[in-house]
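First up is the structure itself, then whatever we jot down about it.
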Amino acid sequence: MMKIAFICIHNSCRSQMAEAWGNKLLSDISEIYSAGTEDYPEVKPLAVAVMSEVGMDTSDQYPKLLKDMPQKLDILITMGCGVECPYVPANYREDWGLDDPSGGPIEDFRITRDSIEEKVMQLRERILNGDFKNKHAN
1 MMKIAFICIH
11 NSCRSQMAEA
21 WGNKLLSDIS
31 EIYSAGTEDY
41 PEVKPLAVAV
51 MSEVGMDTSD
61 QYPKLLKDMP
71 QKLDILITMG
81 CGVECPYVPA
91 NYREDWGLDD
101 PSGGPIEDFR
111 ITRDSIEEKV
121 MQLRERILNG
131 DFKNKHAN
């Protein structure tokens, strides 16, 4: 199984939503992880709320750090943290460039949630199409 990680700064919103979508949509073909580069006390309550709206209970999730995930990854997805994104060895990496909805209204969280769902579905298709078979570590 492929190992896929979703990374952002605090692992409190976007990467948590991506982990939840990954577990729902990719768990038959990959192991899913998420982490952040800095400590944070909790997953954002609005992130938990909007995931609950689509039937996913993420209330038991908590922010994790890079050291908490495997050090060998097949795919690393950063959420849009720009120059602050860490270097983590992976066979393939890409940045999804998502704005952080933190501090905004719940509608911003819904937009982010739906964008992440779409990107995870596209990632699934790419994996099933074999797009990652010949990627080398970077």
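So the sequence shown is numbered by UniProt numbering: it starts at 1 and just counts up by one. For every residue, glycine included, the Cβ atom is placed at its ideal position computed from N, Cα and C.
Return the CA-CA distance between residue i and residue j, expressed in angstroms with no decimal places.
{"i": "K119", "j": "G97", "result": "11 Å"}
{"i": "L76", "j": "K24", "result": "18 Å"}
{"i": "L73", "j": "D114", "result": "25 Å"}
{"i": "F6", "j": "D68", "result": "12 Å"}
{"i": "G55", "j": "C8", "result": "24 Å"}
{"i": "M51", "j": "R14", "result": "11 Å"}
{"i": "D39", "j": "L65", "result": "7 Å"}
{"i": "F109", "j": "L46", "result": "7 Å"}
{"i": "V88", "j": "P70", "result": "10 Å"}
{"i": "N129", "j": "M1", "result": "15 Å"}
Ranges of the beta strand (DSSP E) found wholly within the UniProt domain "Phosphotyrosine protein phosphatase I" (2–126), counting only runs of at least 3: 2–8, 30–36, 73–78, 90–95
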